[in-house]
Amino acid sequence: YLNGEATPKGPFVPTQADYQKVYDAIADRLANETDYDDGSYGPVLVRLAWHASGTYDKETGTGGSNGATMRFAPESDHGANAGLKHARDFLEPIKAQFPWITYSDLWTLAGSAAVQELGGPKIPWRPGRADGDIAACTPDGRLPDASKDHRHIRAVFGRMGFDDREMVALCGAHSLGRAHADRSGFDGPWDFSPTVFTNEFFRLLVDEKWNQRKWNGPAQFTDKGTSTLMMLPTDLALVKDKAFKQHVERYAKDSDVFFQEFADVYVKLLELGVPFKSKPEDRFVFKTSE
Ligand code: ZEM
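In terms of UniProt numbering, the sequence shown opens at residue 71 and continues consecutively.
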């Protein structure tokens, strides 16, 4: 055994230090693999964790991050998951290095690590997810459709168990990354710093004037100032709906409030439907890399 110690009797039980090693390996790989989009795989890792979790249905208890069923078709082929193979493939060397971690724990841990490494708040995380089989794949249509309005947002996120405030906070993840014409059909970044987690998405929603983009693609919006940014119809629904808008304004005004409320609801998202044996107070807070 390692360092000539006696062979341990029971199965390997990873500790917080072991999960920190997984975190550190993800952070290293994020720092070294910069040949992607705006220089970081972080945004697409955040999206993988979200799409693995956001299939949850509180009525039936089906879906959620437990299971990592996006490894299988048909779920991997659902339109909403286009492009997430880049994130899953990015994590394969990590899985090979730490074969004891389940895919479902790895994908959510990576979502937590990516937010922290891109300058966002600490995302406390705990293990306990088991990988499922193909029979646990969720039906298509559980994730939100960007061409829809406030009623659709409330229906989809309500099914997961979120309230208005939580829905708005979660959508602040659009501070990160971009849309790809060859994935969703939409195109462009939401803000000027797509690899840094900030409240800029909310500031732009409030401060900019957004016009419908004139192009052949799906209806999306572009900023009047530079015409380089974009908003989805569902993003603009967050300022068209009064109850949503009050939270957009709070987050635009106060980055600390956004960071705190985002962290709480992203932790909740990543834990939907997981039959933990541990308690919330047992969550690990990972050390962010220097
Ligand atoms: Zn997104 N998202 N999202 N989102 N998302 C995209 C990209 C990213 C919606 C949506 O349709 C889209 C949340 C909520 C909602 C991220 C995180 C989170 C894209 C572009 C679309 C179309 C995909 C592409 O072309 O690559 C809708 C309709 C949402 C709610 C109403 C929530 C919640 C998120 C996390 C907590 C992230 C990080 C990206 C950028 C991915 C990348 O590859 O850069």
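Heads up, the beta-carbon is just placed ideally off N, CA and C, and yes, glycines get one too. Note that this is a predicted model, so its numbers are computed, not measured.
**Item:** Sufficient close CB pairs (3 or more, under 8 angstroms) joining the segment 114-123 to the segment 157-171
**Value:** yes
**Message:** If you measure between the beta carbons of Pro197 and Leu179, is that distance less than 9 angstroms?
**Reply:** The count along the sequence shown starts at 1 and reaches residue 197 at position 127. The count along the sequence shown starts at 1 and reaches residue 179 at position 109. For Pro197 and Leu179, yes; Cβs fall inside 9 angstroms.
**Request:** Give the DSSP bridge partners of Ala249, in chain order.
**Result:** Position 179 of the sequence shown holds residue 249. Paired residues: Gly258.
**Asked** Taking Cβ to Cβ, would you say Ala152 is nearer than 9 angstroms to Ser217?
**Response** As a first step, residue 152 is located in the sequence shown; it is residue number 82 there, counting from the start. As a first step, residue 217 is located in the sequence shown; it is residue number 147 there, counting from the start. No; because the gap between Cβ atoms is not below 9 angstroms, this pair is not in contact.
**Message:** What I want to know is whether the C-beta of Ala225 ends up closer than 8 angstroms to one or more non-hydrogen atoms of ligand 1.
**Reply:** Counting from 1 along the sequence shown, the entry for residue 225 is found at position 155. Checking every heavy atom of ligand 1 against the Cβ of Ala225, none is found closer than 8 angstroms.
**Request:** From the DSSP output, read off the bridge partner residues of Asn281.
**Result:** Numbered from its first residue, the sequence shown carries residue 281 at position 211. Note: Asn281 sits in a beta bridge opposite Thr292.
**Request:** Go to Val185, then tell me how far its alpha helix (DSSP H) extends in each direction, as first and last residue.
**Result:** Counted from its first residue, the sequence shown places residue 185 at position 115. Counting along the chain, the alpha helix (DSSP H) containing Val185 begins and ends at Tyr173 to Glu187.
**Prompt:** Any idea which residues DSSP pairs Asp127 with across the strands?
**Reply:** Reading the sequence shown from its first residue, position 57 is the one you call residue 127. Answer by DSSP bridge pairing, in chain order: Thr132.
**Message:** Between the segment 228-244 and the segment 337-346, can you find at least three pairs of beta-carbon atoms closer than 8 angstroms?
**Reply:** yes
**Prompt:** Does at least one heavy atom of ligand 1 sit under 8 angstroms from the Cβ of residue 381?
**Reply:** Limits of the chain in this structure are 71 at one end and 360 at the other, which puts residue 381 out of reach.
**Prompt:** Does ligand 1 have a heavy atom nearer than 8 angstroms to the CB of Arg248?
**Reply:** Within the sequence shown, residue 248 is the residue found at index 178, counting from 1. Checking the Cβ of Arg248 against ligand 1 gives yes.
**Prompt:** On the three-pair Cβ rule with 8 angstroms, is the segment 181-190 touching the segment 96-104?
**Reply:** yes
**Under the three-state DSSP convention, the category residue 367 falls into** = Given a span of 71 to 360 for the chain in the structure shown, any question on residue 367 remains unanswerable.
**Asked** Quick one: Cα of Lys323 to Cα of Gln330, how far?
**Response** Here residue 323 refers to the residue found at position 253 of the sequence shown. Here residue 330 refers to the residue found at position 260 of the sequence shown. Cα to Cα, the separation comes out at about 14 angstroms.
**Asked** Just to check, is the beta-carbon of Arg117 closer than 8 angstroms to a non-hydrogen atom of ligand 1?
**Response** Taking the first residue of the sequence shown as position 1, residue 117 is located at position 47. Indeed, a heavy atom of ligand 1 lies less than 8 angstroms from the Cβ.
**Prompt:** For Gly242, which of Tyr321, Gly131 and Ala200 has the nearest alpha-carbon?
**Reply:** What you label residue 242 is simply residue 172 of the sequence shown in a count that begins at 1. Taking only the C-alpha atoms, the option nearest Gly242 is Tyr321.
**Message:** Given the structure, does Gly153 come close to ligand 1, in the sense that its CB is under 8 angstroms from one of the ligand's heavy atoms?
**Reply:** Within the sequence shown, the letter at position 83 stands for residue 153. Gly153: yes, Cβ under 8 angstroms from ligand 1.
**Asked** Under 8 angstroms from any heavy atom of ligand 1, does the C-beta of Asp107 make it?
**Response** Translated into positions along the sequence shown, residue 107 becomes position 37. The answer is yes for Asp107.
**Prompt:** When the Cα atoms are used, what is the spatial distance from Ile193 to Thr296?
**Reply:** Position 123 of the sequence shown holds residue 193. Position 226 of the sequence shown holds residue 296. About 33 angstroms.
**Cβ-heavy atom distance, Val309 to ligand 1, below 8 angstroms** = Walking along the sequence shown from the start, residue 309 turns up at place 239. Outside the cutoff, so no.
**Asked** Is the segment 137-145 close to the segment 207-214, with three or more CB pairs under 8 angstroms?
**Response** yes
**Request:** Give every residue of the same chain whose Cβ lies closer than 7 angstroms to the Cβ of Val344, excluding the five residues on either side of it in the sequence, and list them in chain order.
**Result:** By one-based count along the sequence shown, residue 344 stands at place 274. Counting only Cβ-Cβ distances below 7 angstroms, and skipping sequence neighbours, we find Gly134, Ser135, Asn136, Gly198 and Arg199.
**From Leu213, His244, Lys357 and Phe82, residue whose alpha carbon lies closest to that of Phe168** = The residue you call residue 168 lines up with position 98 of the sequence shown. The option with the nearest alpha carbon to Phe168 is Phe82.
**Asked** If you pair each beta-carbon of the segment 274-281 with each one of the segment 298-306, do three or more pairs fall below 8 angstroms?
**Response** yes
**Prompt:** Got a sec: is the Cβ-Cβ distance from Asp127 to anything in chain D below 9 angstroms?
**Reply:** Structure shown: chain D not included; a single protein chain is present.
**Message:** How far does the alpha helix (DSSP H) with Cys241 in it extend, from its first residue to its last?
**Reply:** One-based indexing of the sequence shown puts residue 241 at position 171. Start and end: Asp234 to Cys241.
**Prompt:** Tell me the DSSP bridge mates of Phe354?
**Reply:** Position 284 of the sequence shown holds residue 354. BP columns for Phe354 point to Trp195.
**Message:** I'd like the list of long-range same chain contacts for Thr85, defined as Cβ closer than 8 angstroms, with 5 residues on each side in sequence excluded.
**Reply:** As a first step, residue 85 must be located in the sequence shown, where it is residue number 15. Around Thr85: no qualifying Cβ.
**Request:** Going by DSSP, name the residue or residues bridged to Asp147.
**Result:** On the sequence shown, residue 147 is found 77 positions in, with the first residue counted as 1. DSSP lists no partner for Asp147.
**Request:** Look at the alpha carbon of Leu240 and the alpha carbon of Phe332, and state the distance between them as a whole number of angstroms.
**Result:** For the purposes of this step, residue 240 is taken as residue 170 along the sequence shown, with counting starting at 1. For the purposes of this step, residue 332 is taken as residue 262 along the sequence shown, with counting starting at 1. One C-alpha to the other measures close to 6 angstroms.
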